[in-house]
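Residue numbers (this note's numbering), protein chains in the order written: chain A, 254 to 354; chain B, 21 to 639.
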């Protein structure tokens, strides 16, 4: 493996934190979904890096599954965003606080 | 004769009472009163027939064992000794006449069943006291009469004054009962038995100090029931009850239960000189106190109530100077003439159109000479007119007190003589105000029913003649009652001294009468001077109790309520609840429905966990 595992891990950690920051800081539903995608991909990157490091195929297979799942998730999420936007005329998460105590 | 028949004496009234309780409200009124009269007169007949069983040592019969556990045994048993026989005959006899009177008196009342049931149950409980062979059974009757008295004083309970008079009587006598109950337990722990005979036979074993304690406790119990100082304040208020009740319970029978108890336990009581002195002192002081209160009373029944208290004081004095026969003699004569007076008062109240105040009566002699003569007999006995029953019995007590000799008893004798003078004065005051002078009542009275009127002559006859029962030697008698009770004869004073004392009594009697005659033969107008209102209120006894007992009690109650319950317990509870509510409110705000906020929580949590593991791995 040319790239050392540490570099992969640093990159994926940075990606994950960026995604997390996006999820936490943004109020736009679509931006939050993008943040979630970034976090998922950071995890995928870690799996691929680890798979290459230990010469095991499992991690890469996992990532294939992850991609499939992500595409499904995105399609459902976007459908929901459209639906929510139709209900309240906004995609701001602050508008959806009906579950407050 | 089968001694078991003795049990029928108390059971008959119980039976009558129970039937009236269960079915009385559905029976016609005449049947209700007839039933109870029949029950009580049945007991009277039985008591008369079984009289021979009481002679000598008496008869003891046991129906069944009531309580039995380890060393403790209490039977439902009867001890029919001379003392109990005399008392039984008096109680059933007077009760029969009073039941008859009540049948006339309560003819118009709407709930006679309750009245007659309580009256019958009262007679049952009283007979339990009289006949019981052990103290626990006696105590059952003791509490029973208390309850019936409570129910009957507050019989017309719709008027809250009557109901509270009933409560007062119940609570005040309960204080006395507490002393009696302690004495009972103490006697059991000392002797291992509650049998009256066995206790009396073994009193000599006891420590003198213990004996004194027991005597004082018994005195406390007797004081409560017999309305002696300082537990006397309930009796005048008890007059709120119907008149037959006052006659039966608060004059003739229940209030003398204390005297009877002391007589029954006399072998124990007599061994404690301190206790005897206390009994005599309580008696003499109550006699004087009550007589002074009676001087200024305005209600006819309250005058009689105070006079009852005063006469029972004499009986206590008799027990205290050691003459059981004197106490029982006075108890008998008093029962007859006081029942007569109360029932006469009932007739008077009817005649005066429901008026109770003797200042609003007057001139009733013309209205009903018959009531006047009967009432006069009662008054003469009460005042101690020579040759009436009351004269002999009172005289016997005072003679014994005088013979006791030392300065203490001489003082008590002096109080007794002074009280006799006061008694004479207030008796005649009552007579003059009610029957003489001009008619001052507002309402139009009606004549008492024949049934009420015809129950009085037998009592009048008994009141006049009971003196013969225990006629002293000086008058050619043989002190039959003393012989029957098996008591030692009174110490013979020199004949000259005895005659001298009789003359002294006569002077006091005549003095009281003359003063009353001068002052009240014509109506003197309303009197409201300061000392009169002091006497009228019974030396402000109620106010004193209010001040020294009720106020502190209420203060303690208020403290426990406001300080203990409200501030402390409620405060802690409510404080905890408010705290939880506050915190809950605070925590509630965390759940604000913002997904980003929740995620932030996740993130911080994650950071925390990661940081923790990092720290752990560094170490």
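From the three backbone atoms N, C-alpha and C, an ideal C-beta is built for every residue, glycine too.
In this structure the segment 449-466 of chain B touches the segment 372-389 of chain B; the number of beta carbon pairs closer than 8 Å is three or more. Between residue 277 (chain A) and chain B, the shortest Cβ-Cβ separation is below 7 Å. Under the three-state reduction of DSSP, residue 116 (chain B) is assigned to helix. Apart from the 5 residues on each side of it in sequence, residue 21 (chain B) sits with its Cβ closer than 8 Å to the Cβ of 69, 70, 72 and 73 in its chain, given in chain order. The Cβ neighbour count for residue 580 (chain B), taken over all protein chains shown within 10 Å, is under 16; the residue is labelled exposed. Burial state of residue 514 (chain B) is exposed, judged by a 10 Å Cβ sphere holding fewer than 16 other Cβ atoms. Here residue 415 (chain B) is buried: its Cβ has 16 or more other Cβ atoms, across all protein chains shown, within 10 Å. Contact annotation: residue 121 (chain B) and residue 363 (chain B) have beta-carbon atoms nearer than 7 Å. For the segment 588-618 of chain B, residues whose beta-carbon sits nearer than 7 Å to a beta-carbon of chain A comprise 608, 611, 612, 613, 614, 615 and 616.
As for any beta strand (DSSP E) of minimum length 3 sitting wholly inside the segment 68-140 of chain B, the runs are 79-89 and 92-100, ordered along the chain. In the three-state DSSP reduction, residue 40 (chain B) falls in the helix class (H, G or I).
The contact set of residue 623 (chain B) on chain A, defined by CB atoms closer than 7 Å, consists of 273 and 277 in chain order. According to the DSSP assignment, residue 309 (chain A) belongs to no alpha helix (DSSP H), since it is labelled neither H nor E.
Residues of chain B with a Cβ closer than 9 Å to the Cβ of residue 351 (chain A) are, in chain order, 613. If only uninterrupted alpha helix (DSSP H) runs of at least 4 residues are considered, those enclosed by the segment 543-611 of chain B are 550-556, 561-565, 571-578 and 591-608. With respect to chain B, the C-beta atom of residue 334 (chain A) has no partner C-beta closer than 7 Å. Pairwise C-beta distances place the segment 167-176 of chain B in contact with the segment 129-144 of chain B, as three or more of them are shorter than 8 Å.
Look at residue 346 (chain A): its C-beta is under 7 Å from a C-beta on chain B.
Here residue 316 (chain B) carries a coil assignment [DSSP, helix/strand/coil]. Residue 402 (chain B) is not a Cβ neighbour of residue 409 (chain B), given a cutoff of 7 Å.
At least one beta carbon of chain A lies nearer than 7 Å to the beta carbon of residue 620 (chain B). DSSP, read as helix, strand or coil, puts residue 215 (chain B) in strand. In the structure shown, the three-state DSSP call for residue 22 (chain B) is coil. Here residue 154 (chain B) carries a strand assignment [DSSP, helix/strand/coil]. Annotation for residue 561 (chain B): 253 place their beta carbon closer than 6 Å to its own, counting only its chain and skipping 5 residues before and after.
Cβ neighbours of residue 439 (chain B) within its own chain (closer than 6 Å, five residues either side excluded): 307, 308 and 311. Residue B:28 holds the alpha-carbon nearest to the alpha-carbon of residue 97 (chain B) among B:49, B:28 and B:37. When secondary structure is reduced to three states using DSSP, residue 257 (chain B) falls in the helix class. In this structure, DSSP gives residue 377 (chain B) an extended state, which the three-state scheme calls strand.
The C-alpha of residue 130 (chain B) lies about 40 Å from the C-alpha of residue 577 (chain B). Along the segment 465-521 of chain B, the alpha helix (DSSP H) occurs as fully enclosed runs of 4 or more residues at 470-474, 476-485 and 500-505, listed in sequence order. Taking the Cα of residue 79 (chain B) as reference, the smallest distance to any Cα among B:485, B:58, B:538 and B:105 is reached at B:105. Note on geometry: alpha-carbon atoms of residue 219 (chain B) and residue 230 (chain B) lie some 14 Å from one another.
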